[in-house]
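Novice: Numbering (the numbering used here), first residue to last: 4 to 224. There's a structure below that I have some questions on.
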């Protein structure tokens, strides 16, 4: 029996989401997921050990999404936050932590092309991003060209989006087994994704959070 994973989800730590981690995990259970990665924009700070106590059947993969000059990358199986935004340095620090580097929603907003110098550092390609259906075919071709495992993630910023796309793995019982399955290329991608207009609510969320964040900073002590 295949195990379902969503490798790309955002929480309230991202600038464009309000999702609380506990609600994310409850929704993941409802969607039948075996595991997930909460990959916040340039942030890594959730206490996954404490969260997992209430959800022992879910495998929680530590990670983050980092914006670099070549586009966004997911870093999975992370131990410590990576603060640089330079792709080459991100790759080096991921390697130091034995983390996996995943090319997130390739070709989105004109990102690419991706040559040998980039792809030699990449462990897998997110070929099916729930918020970026327009580039699925091109992303799949990229993964096949370079012989990289294919992953899928919803890129969920709202609870209803979780699991809209997902990755199928063989039955796994630990994070180590998840990592090995990805590296061996034992992955399939599935899910229909979301209409393009679903990107608008997360952009609006980002605007709201920036506005109210500025107001809080300007309140006299």
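By construction, the Cβ of each residue, glycine as well, lies at the ideal position given by its N, Cα and C atoms.
1) Assign residue 33 to one of three DSSP states: helix, strand, or coil.
2) Could you work out which residue in 180, 188, 162 is closest to residue 21 when comparing CA atoms only?
3) Apart from the five residues just before and just after residue 96, which ones in its own chain have a Cβ nearer than 6 Å to its Cβ?
4) How about residue 189 and residue 173: are their beta carbons less than 8 Å apart?
5) Decide if residue 118 is buried, meaning its Cβ has at least 16 other Cβ atoms within 10 Å, or exposed.
6) Give the list of continuous alpha helix (DSSP H) stretches no shorter than 4 residues that lie fully inside the segment 9 to 73.
7) For the putative contact between residue 154 and residue 129, defined by C-beta atoms under 8 Å, what is the C-beta separation to the nearest angstrom?
8) In angstroms, rounded to a whole number, what distance separates the CA positions of residue 116 and residue 110?
9) Quick check on residue 175: does DSSP put it in helix, strand or coil?
10) What are the boundary residues of the beta strand (DSSP E) that residue 153 is part of?
11) Could you check which residue in 83, 147, 70, 78 has the C-alpha nearest to that of residue 112?
12) I'd like to check one pair, residue 192 with residue 131: are the Cβ atoms closer than 8 Å?
13) Just the Cα atoms here: how many angstroms apart are residue 138 and residue 158?
14) By DSSP, does residue 129 sit in helix, in strand, or in coil?
Specialist: By the coordinates alone:
1) Note: residue 33 maps to helix in three-state DSSP.
2) 162
3) Scanning its chain for C-beta atoms nearer than 6 Å, with the 5 sequence neighbours on each side dropped, one finds around residue 96 the residues 85, in chain order.
4) With contacts defined as CB atoms closer than 8 Å, residue 189 and residue 173 qualify as a contacting pair.
5) When all chains shown are included, residue 118 counts as exposed.
6) 24 to 33, 51 to 56
7) 5 Å
8) Rounded to whole angstroms, residue 116 and residue 110 show a C-alpha spacing of 8 Å.
9) coil
10) 153 to 156
11) 70
12) yes
13) Roughly 14 Å between the two C-alpha positions.
14) strand
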